[in-house]
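Visitor: Numbered per my numbering, the sequence shown spans residues 21 to 179.
Think of the CB as a built atom: it goes at the ideal place given N, C-alpha and C, for glycine as much as any other residue.
Sharing a structure, written as structure tokens. Questions coming.
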Amino acid sequence: MQVKSRHHLRSDDIDAIREALAEGLGVDIEGDAFELVELADSAFDIVLVDGEPLVFYTDDEPFLTVRGANETDPDSGTVTVDAGAISFVSNGADVMRPGIVEADSDIDEGDLVAIAEETHGKVLAIGRAIVDGEEMIGEEGKVVESIHHVGDELYEFDI
């Protein structure tokens, strides 16, 4: 991932990130320094919070990275998968209904979601909901499109 530009965010931009994450995930992101890293070869831009890549932008929407979600433990906007789905989700596979054990009923189609495993609650991936949260549990079909997962370039990003 090639860095195109890097600059500190203004307080109103930081407030917008904090509000979006509080509303969508029920988390309060704390930090003294928020720095936007624009990438030349990626669909994402990253926000470093005190030097850590905890937030990213996709389609001009801020959301937690996998690292950020594991540091802040979201209260909402999460989908939980069973042990059988862990290896697939960790490798970037989309999430299928049979692997889901729980989904936040407030998730709307098109929302970004954190995908966690049921045993330890660790977030494995970030995806975009293809259906509402109430429709995620079932027998067949893809319900979350994976966009960022453990071990991908965004997860491994380091300045």
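To which residues does DSSP link residue 19 through a beta bridge?
Guide: Any property of residue 19 remains undetermined from this structure, which presents the chain solely from 21 to 179.
Visitor: Please give me, in chain order, every unbroken run of the beta strand (DSSP E) with length at least 3 that falls completely inside the stretch 25-93.
Guide: Complete beta strand (DSSP E) runs here, min 3: 54-59, 65-69, 72-78, 81-84.
Visitor: For the beta strand (DSSP E) holding residue 109, just list the boundary residues, first then last.
Guide: Position 89 of the sequence shown holds residue 109. Unbroken run through residue 109 is the alpha helix (DSSP H), 106-110; no beta strand (DSSP E).
Visitor: Let me know if residue 88 comes out buried or exposed under the rule of 16 or more other beta-carbons within 10 Å of its beta-carbon.
Guide: As a first step, residue 88 must be located in the sequence shown, where it is residue number 68. Looking at its Cβ environment, which holds 16 or more other Cβ atoms inside 10 Å, residue 88 is buried.
Visitor: What do you reckon, are the CB atoms on residue 97 and residue 133 nearer than 8 Å?
Guide: The residue you call residue 97 lines up with position 77 of the sequence shown. The residue you call residue 133 lines up with position 113 of the sequence shown. In contact: residue 97 and residue 133 (Cβ atoms closer than 8 Å).
Visitor: If contacts are defined as beta-carbon pairs under 8 Å, then residue 128 and residue 149 qualify, I think. What distance do you get, rounded to the angstrom?
Guide: In the sequence shown, the residue the question calls residue 128 occupies position 108. In the sequence shown, the residue the question calls residue 149 occupies position 129. Indeed, because the Cβ distance is near 7 Å, the residues count as touching under 8 Å.
Visitor: Kindly say whether residue 134, judged by its beta-carbon, lies nearer than 8 Å to any beta-carbon of chain B.
Guide: No chain B is part of this structure, which consists of one protein chain only.
Visitor: Taking contact to mean 3 or more Cβ pairs, one atom from each stretch, closer than 8 Å, check whether the stretch 168-178 and the stretch 63-78 are in contact.
Guide: Enough Cβ pairs lie closer than 8 Å, so yes.
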